[in-house]
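Written out below as structure tokens is the structure these notes cover.
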């Protein structure tokens, strides 16, 4: 098992390595804060062109290829979920992944809005998260200071950022 990337460039290299060696699963791609989006974006087009369904286990990531499947593990409660990347984001600083509402529910984070997570690469034939993930180390859990903000505010900010991936309606000035 590899350790967490120590820099953004190292994380990018891990992601590229994951693309090149799709047979290798269990590679830690990164740690950071996850947020979730749903509701008002349900049915809108994602950056991949498909319609967003808040009931599907999907996610937005800045660099992973569309269709990539990753295991997301909560650093708070250890719960895991497999998601498929179908959108770009997150757009909020400090976030590493935006999850659909269904994925957020699997991780127990809907009430929180934001949660520290790890993202693990999965091989093309993997249907579930790797069973040999290392035990959680409480001292390595990122501080979740944004959790003090109301969950609705976190989701609203996420929804605003995610909405940028779809065309905006023209707002003509009224005189």
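In this note's numbering, the protein residues as written are 56 to 230.
The C-beta atom is built at its ideal place from N, Cα and C for all residues, glycine as well.
Nothing here was measured: the structure is a model prediction, and the numbers come from that model.
- In this model, residue 124 and residue 112 are separated by some 10 angstroms (Cα to Cα).
- CA-to-CA, the gap between residue 159 and residue 184 works out to about 16 angstroms.
- For residue 161, the enclosing alpha helix (DSSP H) stretches over residues 156–162.
- For residue 161, the number of other beta carbons within 10 angstroms of its own is at least 16, and it is reported as buried.
- Burial of residue 142 is indicated by the presence of at least 16 other C-beta atoms within 10 angstroms of its C-beta.
- If you ignore the 5 residues before and after residue 101, its C-beta comes within less than 6 angstroms of the C-beta of 107, 141, 142, all in its own chain and listed in chain order.
- Judged by beta-carbon spacing, residue 156 lies within the 9 angstroms limit of residue 109, meaning their Cβ atoms are closer than that value.
- Secondary structure note for residue 132: it is in no beta strand (DSSP E), with a DSSP letter that is neither H nor E.
- CA-CA distance, residue 139 to residue 130, rounds to 20 angstroms.
- Taken in chain order, the whole alpha helix (DSSP H) runs of length 4 or more contained in the region 91–134 number zero.
- Proximity to residue 144 across 189, 103, 95 peaks at 103, based on C-alpha coordinates.
- Around the beta-carbon of residue 171, 16 or more other beta-carbon atoms lie within 10 Å, marking it buried.
- Ranking 126, 188, 96 by CA distance to the CA of residue 89 puts 126 first.
- Within the model, the alpha-carbon separation for residue 174 versus residue 98 is close to 26 angstroms.
- Distance from the CA atom of residue 150 to the CA atom of residue 83, rounded to whole angstroms, is 16 angstroms.
- Within the same chain, and ignoring the five residues on either side of residue 191 in sequence, the residues whose Cβ sits closer than 6 angstroms to its Cβ are 133.
- The shortest C-alpha to C-alpha distance from residue 119 to any of 176, 180, 187 is the one to 176.
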